[in-house]
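S.K.: All residue numbers for the sequence shown refer to my numbering, where the first residue is 129 and numbers rise by one.
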Amino acid sequence: MPTKATKRSPRVKPGHREEETLRVLISHQRIRERVRHMAQEIRRDFPNEPIHLVGVLKGSVLFLADLARELGGEVSFDFISVSSYGKGMDSTGEVKMNKDLDVTIEGRSVLVVEDILDTGLTLKYLLRLFEERKPKHLRVAVLLDKVERRIADVKADYTGFVIPNEFVVGYGLDYDERYRNLPDVCIVRLGPRGKTKIEA
Ligand code: IMP
Numbered sequence: 129m130p131t132k133a134t135k136r137s138p139r140v141k142p143g144h145r146e147e148e149t150l151r152v153l154i155s156h157q158r159i160r161e162r163v164r165h166m167a168q169e170i171r172r173d174f175p176n177e178p179i180h181l182v183g184v185l186k187g188s189v190l191f192l193a194d195l196a197r198e199l200g201g202e203v204s205f206d207f208i209s210v211s212s213y214g215k216g217m218d219s220t221g222e223v224k225m226n227k228d229l230d231v232t233i234e235g236r237s238v239l240v241v242e243d244i245l246d247t248g249l250t251l252k253y254l255l256r257l258f259e260e261r262k263p264k265h266l267r268v269a270v271l272l273d274k275v276e277r278r279i280a281d282v283k284a285d286y287t288g289f290v291i292p293n294e295f296v297v298g299y300g301l302d303y304d305e306r307y308r309n310l311p312d313v314c315i316v317r318l319g320p321r322g323k324t325k326i327e328a
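Laid out in structure tokens, this is it:
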């Protein structure tokens, strides 16, 4: 989870970690192929047009970097940081801005790049904010979509994978700021205290 507040359970004593089991849900190979296809779809919709990517920190960073390289043509980036989570894996439902964009999006073809759509509350907040700034186009690309969890009435224009209602990490997504660097998207499950296990 990008920029989210600490997610360590209050039950865990300092120096101890709950056992976390990771299982690969989507391999890096599948991610790479899907991102390539998404980039083709996006370029088909915006041929010859400069595309301004707006990444939602921090979870979208690896996805944005790969998507940008596959897009080709004129591409620029900016980043915004918002928080929507409280402690643990539960959302508070509140969205607050931590860092705004550096440059204007007025008149630009903007593609919001998100790691995961869960309740949709973050994206709803962002779309409302960005629409007021009068971009020429405003589209959304998400790598993962947990459709079952949706509360807000929002949809992505480009979706990588629809996934089940499981907490996932890797390829930018974190649990307590860990696992962002995993190349695959993995399901993380908490168990009795112990070491992290990684299953293929
Ligand atoms: P939403 O506002 O509930 O749609 O939440 C969006 C944000 O929650 C995402 O950008 C992620 O940072 C975080 N999030 C939701 N589900 C997961 C997950 O399974 N793993 C890591 N972060 C998640």
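Backbone N, C-alpha and C define an ideal beta-carbon position, used for all residues, glycine too.
For Val-270 versus Leu-251, is the C-beta spacing smaller than 9 Å?
M.R.: For the purposes of this step, residue 270 is taken as the residue at position 142 of the sequence shown. For the purposes of this step, residue 251 is taken as the residue at position 123 of the sequence shown. Cβ distance < 9 Å, so Val-270 and Leu-251 count as in contact.
S.K.: Run the proximity test for Phe-174: is its beta-carbon closer than 8 Å to any non-hydrogen atom belonging to ligand 1?
M.R.: Indexing the sequence shown from 1 puts residue 174 at position 46. No, the Cβ of Phe-174 stays beyond 8 Å of every heavy atom of ligand 1.
S.K.: Select from Arg-256, Lys-227 and Ser-155 the residue whose C-alpha is nearest the C-alpha of Ala-280.
M.R.: For the purposes of this step, residue 280 is identified with residue 152 of the sequence shown, where counting begins at 1. Here the closest residue by C-alpha is Arg-256.
S.K.: Is the closest heavy atom of ligand 1 to the C-beta of Ile-299 under 8 Å?
M.R.: The residue given as residue 299 occupies position 171 in the sequence shown. Rather than Ile, the amino acid found at residue 299 in this sequence is Tyr. Incorrect: Tyr-299 has no Cβ contact closer than 8 Å to ligand 1.
S.K.: Is it the case that the CB of Tyr-330 approaches a heavy atom of ligand 1 more closely than 8 Å?
M.R.: Limits of the chain in this structure are 129 at one end and 328 at the other, which puts residue 330 out of reach.
S.K.: Which runs of the alpha helix (DSSP H) at least 4 residues long sit entirely within the segment 153-211? Give them in chain order.
M.R.: 156-173 and 189-199, all fully within the segment 153-211.
S.K.: Anyone know if the C-beta pair for Asp-228 and Ile-208 falls short of 9 Å?
M.R.: By one-based count along the sequence shown, residue 228 stands at place 100. By one-based count along the sequence shown, residue 208 stands at place 80. Contact: yes.
S.K.: Under 9 Å between the Cβ atoms of Val-163 and Glu-198?
M.R.: Taking the sequence shown and counting its residues from 1, the one referred to as residue 163 is at position 35. Taking the sequence shown and counting its residues from 1, the one referred to as residue 198 is at position 70. Cβ distance < 9 Å, so Val-163 and Glu-198 count as in contact.
S.K.: Hey, which unbroken runs of the alpha helix (DSSP H) at 4 residues or more fall wholly within the segment 225-286?
M.R.: Counting only runs of 4 or more, we get 249-259.
S.K.: Report whether the distance from the Cβ of Ile-244 to the nearest heavy atom of ligand 1 is below 8 Å.
M.R.: Along the sequence shown, read from residue 1 onward, the residue named residue 244 stands at position 116. Answer for Ile-244: yes, Cβ within range of ligand 1.
S.K.: Look at Ile-329 and Val-290 and say whether their C-beta atoms are less than 9 Å apart.
M.R.: No statement about residue 329 is possible, as the shown extent of the chain runs from 129 to 328 and does not include it.
S.K.: For Leu-249 and Val-182, what's the separation of their Cα atoms in angstroms?
M.R.: Here residue 249 is taken as the residue at index 121 of the sequence shown, counted from 1. Here residue 182 is taken as the residue at index 54 of the sequence shown, counted from 1. The alpha-carbon atoms of Leu-249 and Val-182 are separated by roughly 17 Å.
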